[in-house]
Amino acid sequence: VTWQEQNIWLIVPLCIGALTFFIAAIGESERIPFDLPEAEAELVEGWATEYGDVRWGLQMASNYFRAYILSGLFTMLFLGGWAGPEFIWAEAWYLAKTFVVFFFFIWVRAATVRIRTDQILKLGWRRLLPLAVINLLIAVALKVAGVF
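For the sequence shown, the numbering used here puts the final residue at 261, and the numbers step up evenly by one.
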């Protein structure tokens, strides 16, 4: 974050890593399109059908909280954290950027459909893993070149 305060946000030089992290974060939050735990039973909420009332509500709230935490982590890693204009409080700037990333989480959930297990595995092994390796090579090259 300190380097990003003096230079550019890391989403610019490491955009492949940001995209890979964002897709993986959506998968980690277990929401559409990566909602495999619910897809097993195809009943209301899959394994969560045994939960009712307050327990179910707390489970859903914890899923959204996890997505918000992952949005905050994305903001710290790729969007400069709290670094922003001098006339805006750092905390407010960080929360605003985190909310925008969280909005994209929700938008992806609303704009996509559930994908099958085999499609998720193909995406992970054939697309995301090679992109992550390419991002690692770019980051190492930038470090060796003295950019970081």
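Glycine included, every Cβ here is placed at the ideal spot set by N, Cα and C.
Per DSSP, V246 is one residue of the alpha helix (DSSP H) stretching across 242-257. By the C-beta criterion, the region 204-215 is judged not to be in contact with the region 239-250, since fewer than 3 inter-stretch pairs fall below 8 Å. Take D148, set aside five residues on each side of it, and the residues of its chain with a beta-carbon closer than 7 Å to its own are R227, in chain order. It is roughly 10 Å from the alpha-carbon of G185 to the alpha-carbon of F178. Taking C-beta separations shorter than 7 Å and ignoring five residues to either side along the sequence, the partners of I136 in its chain run L241, following chain order.
Judged by beta-carbon spacing, I129 lies beyond the 8 Å limit of L236, meaning their Cβ atoms are not closer than that value. Cβ-Cβ distances below 6 Å link A209 to nothing in the same chain once the five nearest sequence neighbours on each side are left out.
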